[in-house]
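K.L.:
Take a look at the following structure, please.
Numbering (the numbering used here), first residue to last: 462 to 614.
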């Protein structure tokens, strides 16, 4: 056949862009598997998965911080302060109840300041669904809950 025979060349190497996309895809799959195995109990109970662009990142920074604290349990809460022996921390709200991640939902003083916009939605929906945490952020701004009612110190 001579020069008319098809050439047996190895496939060309991936382009830099294709290699980068493949690496990102593998990284994302590994992270999703890690999250499924290692997510905290609170996040598993709330059913919070991972997203590349979670909608809660559109919240104002202060509201996002409060949302993440309520989801994770790491924040200005009585149990957290007791666990880490913060002796100077205020463990109760102005209403007299212990500070807990879901206290905003049950606090009578917060409800008096501004009515809850989420109605009968469960706490889990407020912390995980876009309509819930958007209403939560709006309510935090109007009620000044963490600056006037359930203060840090």
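Glycine is no exception: its CB is placed at the ideal position from the N, C-alpha and C atoms.
(1) With a CB to CB cut of under 6 Å and the five nearest residues on each side skipped, what residues in its chain are close to residue 530?
(2) So, for residue 606: in the same chain, excluding its five sequence neighbours on each side, which residues have a beta-carbon less than 8 Å away from its beta-carbon?
(3) Would you mind working out which of 528, 524 and 498 sits nearest residue 585, comparing C-alpha positions?
(4) Using a Cβ-Cβ cut-off of 6 Å (strictly less than) and excluding sequence neighbours within five positions of residue 594, which residues of its own chain qualify?
(5) Using three-state DSSP, classify residue 514 as helix, strand or coil.
(6) Quick one: what's residue 559 bridged to in DSSP?
(7) Does DSSP classify residue 491 as helix, strand or coil?
(8) Under a Cβ-count criterion, where at least 16 other Cβ atoms within 10 Å of its own Cβ denotes burial, should residue 524 be classed as buried or exposed?
(9) Restricting to runs no shorter than 4 residues, where is the alpha helix (DSSP H) found entirely within the segment 554-606?
(10) Would the beta-carbon of residue 611 fall within 9 Å of that of residue 533?
(11) Could you tell me whether the Cβ atoms of residue 497 and residue 509 are closer together than 9 Å?
P.N.:
Quick answer:
(1) Apart from the 5 residues on each side of it in sequence, residue 530 sits with its Cβ closer than 6 Å to the Cβ of 536 in its chain, given in chain order.
(2) Here the set comprises 565, 568, 571, 574 and 600.
(3) Minimum Cα distance to residue 585 is reached at 528.
(4) 517 and 528, listed in sequence order.
(5) Coil, per DSSP.
(6) Its beta-bridge partners are 553.
(7) If DSSP states are grouped into helix, strand and coil, residue 491 belongs with the helices.
(8) Classification of residue 524: buried, given that the 10 Å Cβ count is 16 or more.
(9) Fully enclosed alpha helix (DSSP H) runs of 4 or longer: 564-567, 569-574, 584-589 and 591-604.
(10) Cβ distance not < 9 Å, so residue 611 and residue 533 don't count as in contact.
(11) No, Cβ-Cβ distance for residue 497 and residue 509 is not below 9 Å.
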